[in-house]
Amino acid sequence: MLRQSLMITAALSLTACAGTGALTSPPNLDAPAQFASQNASPGRYVETNWVAQFNDPQLTALIEEALNASPTILAAQADLARARAGARLAGADRLPSLNAGLEASRTDSDNGPATESYSLGVNASWEADIWQKVADQAKAGHFSAEAAAQDLAAARLSLAGAVAQSWFQVLEARQQTELALFDVETRQRQLDIVERRFARGVVRSSDVRTARSVLASSEASYAAQQRAEAATVRSLETLLGRYPSASLAHGGDLPSIGDAPSSLTPESLLARRPDILAAEARLRSAGYSAEAARKALYPSLTLKASLGNSDSEFGEIFSTSNLVNTIVGNIAAPIFNGGALRAQRDQALANAESAAIDYTRTALAAFQETENALFADQMLAERVAALETAHEEAAAAQELVERQYASGVAGIVELLDAQSRAISARSALINARQERASNRVALHIAMAGDFALGQALSGQEN
């Protein structure tokens, strides 16, 4: 009878609709041969450690600290552990289930001695995966875990980039504060000169009041910049998992930025970006889940076996001569369940379609980020060069006007205007250098650049 049932099931399997390719393969994207913002021909992304290129040991230490302490990374690690456990659970039905039980009872009687009884039972069951439904569920769990692993990689890369950009903002804030203090000191010295000249009757009282007003404005700007610097430091401390006390030691200059790294093609980017790989893994997981839901409508073959014995003596329940053996084969097919299975199938198909759309959306966002970073890298290089020239000329003009004012050729308004132009040019240059450094980080993140930071990365990939 069992052999005949297997033959019937095998015949049914020949009529089953199969083919998971359409559900588990990512959609084809019409990507160009190279990024539109590239100046040169695309090449292999060769930067193996983008953090090291900034040549800043403190930045390296801060990124490693963040990777080891950030709640975001710890949460992603927990998600990965949960997904891997779920993958093991999804594949557990491929193996038989085995249960064993041992019972003992005692019955007291007023008319005679008490009686004891013992029973032993072992039950096994296994559903033959004829339609590969369980295999599809196992594959869905595997790709779900793979998506979680890529999410963790994406979180590490994103956090490293955020720390680097925040650090550059801290360096800029420090330099802007120093510049604001320099402006205050310059205005104070200028006021002292104006007051001495007024005491000798060389200048009018309006010059003194103008110089005092400009000094007060500079002092206000200095206070505002101190406040902005403290807020920037606190933001970085929060990324590091520290209490935001604005006590992080910081200083030094912004990094010098060289040529952009060799860029990828849009197609090769699809195989590098962890967020794209995570979206692809979710797509495959949803596809296999949809296949499993569809196959749940097919008949199932279940084999059950039991082994048991009972006796009044404990030792006799282990006697092989008294054991009762039962083996049952069962074929069942769903007939009516209120449409639950079909609804689950339709829901799983919709999830697969949604995952395919999410994959496309993620890929397009990655292309956009890379194009923006590539184009900005060129424009920011030009901006920095122009502002360097502007700062040099403004500084030279300030020196000239200061000499002219000392000789009585230029007035107080010309002097203060020249000083303001020099300060503004220097401030804009500092800001542009920070933006270029931060954009270079964004370019590395967009290209899924590699970086290595000791124990912060090694030992956590498995």
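When we follow my numbering, the leftmost residue of the sequence shown carries the number -7, and every step to the right adds one.
We put the CB at the ideal spot given by N, CA and C, even for glycine.
Residue i, buried or exposed, once every other Cβ within 10 Å from all chains shown has been counted against 16
i, result
"Gly11", "Note that Gly11 has pLDDT 49, beneath the 50 cutoff, so the model's placement of it is unreliable and no number is given."
"Asp267", "buried"
"Gln360", "exposed"
"Asn47", "exposed"
"Asn20", "exposed"
"Thr224", "buried"
"Arg80", "exposed"
"Met371", "exposed"
"Ser17", "exposed"
"Thr362", "buried"
"Glu385", "exposed"
"Asn31", "exposed"
"Arg188", "exposed"
"Leu163", "buried"
"Ser430", "buried"
"Glu221", "buried"
"Leu183", "buried"
"Ser89", "exposed"
"Arg219", "exposed"
"Ser197", "exposed"
"Met439", "buried"
"Leu262", "buried"
"Leu66", "exposed"
"Ala28", "exposed"
"Pro49", "exposed"
Run of the alpha helix (DSSP H) containing residue i, from where it starts to where it stops
i, result
"Ala347", "Ala332 to Ala398"
"Arg264", "Careful: Arg264 lies outside any alpha helix (DSSP H) and carries neither H nor E."
"Trp159", "Lys125 to Ala191"
"Gln218", "Ser197 to Leu232"
"Pro49", "Pro49 to Ala61"
"His242", "Segment: none, His242 is in no alpha helix (DSSP H) and carries neither H nor E."
"Leu459", "In the structure as shown, the chain starts at -7 and stops at 454, and residue 459 therefore has no counterpart that could be examined."
6 Å CB neighbourhood of residue i in its chain, flanking five on each side removed
i, result
"Ile404", "Asp199 and Thr202"
"Asn91", "Asn115"
"Ala344", "Leu15, Ala278, Gly279 and Ala282"
"Leu269", "Gln142"
"Gln161", "Thr224"
"Ala382", "Ala417"
"Glu259", "Ala23"
Whole-Å CB distance - residue i paired with residue j, under 8 Å assumed
i, j, result
"Ala140", "Ala75", "4 Å"
"Ala373", "Arg428", "7 Å"
"Leu207", "Gln180", "6 Å"
"Val128", "Ala284", "With the sequence shown as reference, residue 128 is identified as Asp, and Val is not the correct amino acid for it. The Cβ separation is near 4 Å, so the contact holds."
"Leu356", "Leu435", "18 Å between Cβ atoms; not a contact."
"Leu240", "Leu228", "6 Å"
"Gln456", "Ala402", "Because the chain in this structure spans residues -7 to 454, residue 456 falls outside the shown range and cannot be described."
"Ala273", "Phe135", "5 Å"
"Ala82", "Ala132", "6 Å"
"Thr294", "Ser117", "6 Å"
"Ile422", "Leu171", "7 Å"
"Ala358", "Arg265", "5 Å"
"Arg425", "Val376", "6 Å"
Close-in-space but distant-in-sequence residues of the same chain around residue i (CB under 7 Å, 5 per side omitted)
i, result
"Glu453", "Because Glu453 carries a pLDDT of 42, less than 50, the predicted location of this residue cannot be relied on, and the following value inherits that uncertainty. Hits under 7 Å: none found."
"Ala271", "Asp350, Tyr351 and Thr354"
"Ala68", "Asp143, Leu144 and Ala147"
"Ile55", "Val43, Ala152, Val155, Ala156 and Leu445"
"Arg432", "Ile249 and Asp369"
"Glu380", "Leu421"
"Ala347", "Arg274, Leu275 and Ala278"
"Gly331", "none"
Residues of its chain near residue i, where Cβ-Cβ distance is below 8 Å and the 5 sequence neighbours each way are ignored
i, result
"Pro63", "Gly233"
"Ala389", "Ala410, Arg413 and Ala414"
"Leu231", "Ala58, Ser62, Leu151, Ala154, Val155 and Ser158"
"Gly193", "none"
"Glu214", "According to the sequence provided, residue 214 is Tyr. The question's Glu does not apply to it. So the qualifying residues of the chain are Thr169, Ala172, Leu173, Asp175 and Val176."
"Gly78", "Gly133, Ser136 and Ala137"
"Leu72", "Ala137, Ala140, Ala141, Asp143 and Leu144"
"Leu51", "Val43, Val155, Ala156 and Trp159"
is_contact[residue i, chain D] using C-beta, thresh 8 Å
i, result
"Glu187", "Structure shown: chain D not included; a single protein chain is present."
contact_flag[the segment 229 to 243, the segment 433 to 447] where n(CB pairs < 8 Å) is 3 or more:
Contact fails: fewer than three Cβ-Cβ distances are below 8 Å.
Any 3 or more C-beta pairs closer than 8 Å across the segment 332 to 340 and the segment 285 to 292
Contact between the segment 332 to 340 and the segment 285 to 292 is present: 3 or more CB-CB pairs across the two stretches fall below 8 Å.
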